[in-house]
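Student:
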Amino acid sequence: KAVAHMLAEGTESGGVFLSVKGPELLNKFVGESERLIRLIFARARERAASGRPVIVFIDEMDSLLRTRGSGVSSDVETTIVPQFLAELDGVEQLDNVMVIGASNRVDMIDPAVLRPGRLDVKIRVDRPGPRQADDIIRHYLTDDLPLEHGVDAHALARVLVGDIYAQDEHRHVCDVCDEHGQWRAVHMSDVVSGAMLKNIVDRAKTRAVKASIETGAAAALSVDMLAMAAQEEFRESVDAILDADPVQWSRIAGFESGSVTRIRPAGDARTA
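So for the sequence shown, our numbering puts the first residue at 93; every next one is plus one.
What follows is the structure in structure tokens.
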């Protein structure tokens, strides 16, 4: 959304933003996915021919361009990946077109896609720190919402950020062991995301509405409601790792590949 907005604001001629959802291009009929890829790039070339900048944004790129030979029940990637590469840097030029892909599983994307001259510029979007978390929360927690008497959105956001980023047992998710046998603590702040922050605020809003229905009083967000919402999200984070595969979990959580060999949930009495 930010890229599309900047493209519209920054060009007098009006840039073109083509949004593609990777999974939507997958089709059970032979050759249909390849046809859709050709169609997308044909549209991009057509728009770019008028001199307008065109951005082709592919979300969940790993679902579409996974490593060839990695399929268990199908091998669709053996033809989809070559078709994409042929459109990207084949004989037919792709002028004035920028291709951007988004994925949280770069390890699943075919290496040929990421080679120099193709999608070779990688921008890692790290997890939000306290300052970024405050900005995200303030986007969903605003002063025009019904708030508890005596507090404002800024104060509520500040308290919530302090709770989420606490480095103590209160927000201790698990311990992880690396390949050298060294254990280290993982807190809620290590696995927090923008979506998680939004979900916490949404949980608190739901609590406020339920409380209003039960008591008949006007709905009002409070510090306690946000704290309970954060605790619910924390417990779900802990429960999610109980039966998780260490390698898979570490990749999804954004830890260095291969750096996690064992996981010990918080409060687990087992020893290394």
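Cβ atoms here follow ideal geometry from the backbone N, Cα and C, with glycine treated the same way. For clarity, every value in this text was computed on a predicted model and none was experimentally measured.
(1) So, with DSSP's three-state summary, where would you put Arg137?
(2) Would you list the one or two residues that DSSP bridges to Leu186?
(3) From the DSSP output, read off the bridge partner residues of Leu211.
(4) Just the Cα atoms here: how many angstroms apart are Leu233 and Ala258?
(5) To the nearest angstrom, how far is the alpha carbon of Arg158 from that of Ile201?
(6) Determine, using beta carbons only, whether His279 and His262 come nearer to each other than 7 angstroms.
(7) Inspect the beta-carbon positions of Pro357 and Val315 and report whether they are closer than 7 angstroms.
(8) Ignoring anything shorter than 3 residues, give me the beta strand (DSSP E) runs that lie fully in the region 242-291, in order along the chain.
(9) Quick check on Glu116: buried or exposed, where buried means 16 or more other Cβ atoms within 10 Å of its Cβ?
(10) On a CA-only basis, which of Val108, Gly114, Glu325 and Ala225 is nearest Glu138? Give me that one, please.
(11) The alpha helix (DSSP H) spanning Ile228 covers which residue range?
(12) If you draw a straight line from the alpha carbon of Cys266 to that of Ala277, how long is it in whole angstroms?
(13) Between Leu186, Ser285, Ala311 and Met320, which lies nearest to Phe346 when the distance is taken from Cα to Cα?
(14) What do you get for Glu169, buried or exposed, if any count of 16 or more other CB atoms within 10 angstroms of its CB means buried?
(15) What residue range is occupied by the uninterrupted alpha helix (DSSP H) comprising Pro115?
(16) Note down, in chain order, each residue of its chain lying with its Cβ closer than 6 angstroms to the Cβ of Ser195, except the 5 sequence neighbours on either side.
(17) Taking only the alpha-carbon atoms, compute the straight-line gap between Gly249 and Val217 and give it to the nearest angstrom.
(18) Measuring CA to CA, which of Arg299, Ile305 and Ala311 is closest to Met317?
(19) Between which two residues does the beta strand (DSSP E) carrying Ile147 extend?
(20) For Ile71, which residues of its own chain have a beta-carbon under 8 angstroms away from its beta-carbon, when the five flanking residues on both sides are left out?
(21) Where Ile292 and Gln185 are concerned, what is the direct C-alpha to C-alpha distance, given to the nearest angstrom?
(22) Are there 16 or more other CB atoms within 10 angstroms of the CB of Lys297, so buried, or fewer, so exposed?
(23) May I have the straight-line CA-CA distance separating Ser162 from Gln175, to the nearest angstrom?
Tutor: Result, derived from the coordinates:
(1) On the sequence shown, position 45 is the one that residue 137 refers to. If DSSP states are grouped into helix, strand and coil, Arg137 belongs with the helices.
(2) Along the sequence shown, one-based indexing puts residue 186 at 94. Note: Leu186 is not bridge-paired with any residue in the DSSP secondary-structure output.
(3) For the purposes of this step, residue 211 is taken as the residue at position 119 of the sequence shown. Partner residues in a beta bridge of Leu211, as assigned by DSSP, do not exist.
(4) Translated into positions along the sequence shown, residue 233 becomes position 141. Translated into positions along the sequence shown, residue 258 becomes position 166. Leu233 and Ala258: Cα-Cα distance of roughly 20 angstroms.
(5) The sequence position of residue 158 within the sequence shown is 66, counting from 1. The sequence position of residue 201 within the sequence shown is 109, counting from 1. C-alpha of Arg158 to C-alpha of Ile201: approximately 4 angstroms in a straight line.
(6) Looking up residue 279 in the sequence shown gives position 187. Looking up residue 262 in the sequence shown gives position 170. No. Outside cutoff.
(7) Taking the sequence shown and counting its residues from 1, the one referred to as residue 357 is at position 265. Taking the sequence shown and counting its residues from 1, the one referred to as residue 315 is at position 223. No, the pair does not count as a contact, with Cβ atoms beyond the cut-off.
(8) Counting whole runs of 3 or more residues, the region 242-291 contains the beta strand (DSSP E) stretches 264-269 and 275-279.
(9) Counting from one through the sequence shown, the residue named residue 116 turns up at place 24. That one is exposed.
(10) Indexing the sequence shown from 1 puts residue 138 at position 46. In terms of CA proximity to Glu138, Val108 leads the group Val108, Gly114, Glu325 and Ala225.
(11) Within the sequence shown, the letter at position 136 stands for residue 228. Note, Ile228: alpha helix (DSSP H), Pro222 to Tyr232.
(12) Residue mapping note: residue 266 aligns to position 174 of the sequence shown, counting from 1. Residue mapping note: residue 277 aligns to position 185 of the sequence shown, counting from 1. Rounded to whole angstroms, the gap between the alpha carbons of Cys266 and Ala277 is 6 angstroms.
(13) Looking up residue 346 in the sequence shown gives position 254. One point to set straight first is that residue 346 is Gly, not Phe, in the sequence displayed. For the residues Leu186, Ser285, Ala311 and Met320, the minimum Cα distance to Gly346 belongs to Ser285.
(14) For this step, residue 169 is matched to residue 77 along the sequence shown. Buried, by the Cβ-count rule.
(15) For the purposes of this step, residue 115 is taken as the residue at position 23 of the sequence shown. It is not in any alpha helix (DSSP H) - Pro115 carries neither H nor E in the DSSP assignment.
(16) Position 103 of the sequence shown, counted from the start, is the residue given in the question as residue 195. Closer than 6 angstroms at Cβ, skipping near neighbours: Met153 and Asp154.
(17) Position 157 of the sequence shown, counted from the start, is the residue given in the question as residue 249. Position 125 of the sequence shown, counted from the start, is the residue given in the question as residue 217. The amino acid occupying residue 249 in the given sequence is Ala; Gly does not appear at that position. Going from the Cα of Ala249 to the Cα of Val217 covers about 22 angstroms.
(18) Walking along the sequence shown from the start, residue 317 turns up at place 225. The shortest C-alpha separation from Met317 is found at Arg299.
(19) Taking the first residue of the sequence shown as position 1, residue 147 is located at position 55. Per DSSP, Ile147 belongs to the beta strand (DSSP E) from Val146 to Asp151.
(20) The shown model of the chain, from 93 to 364, leaves out residue 71, and the question about it has no answer.
(21) In the sequence shown, residue 292 corresponds to position 200, counting from 1. In the sequence shown, residue 185 corresponds to position 93, counting from 1. So the alpha carbons of these two residues sit roughly 47 angstroms apart.
(22) Counted from its first residue, the sequence shown places residue 297 at position 205. Answer is buried; the Cβ neighbour count reaches 16.
(23) Working through the sequence shown from its first residue, we reach residue 162 at position 70. Working through the sequence shown from its first residue, we reach residue 175 at position 83. Annotation: Ser162 to Gln175 spans about 17 angstroms, alpha carbon to alpha carbon.
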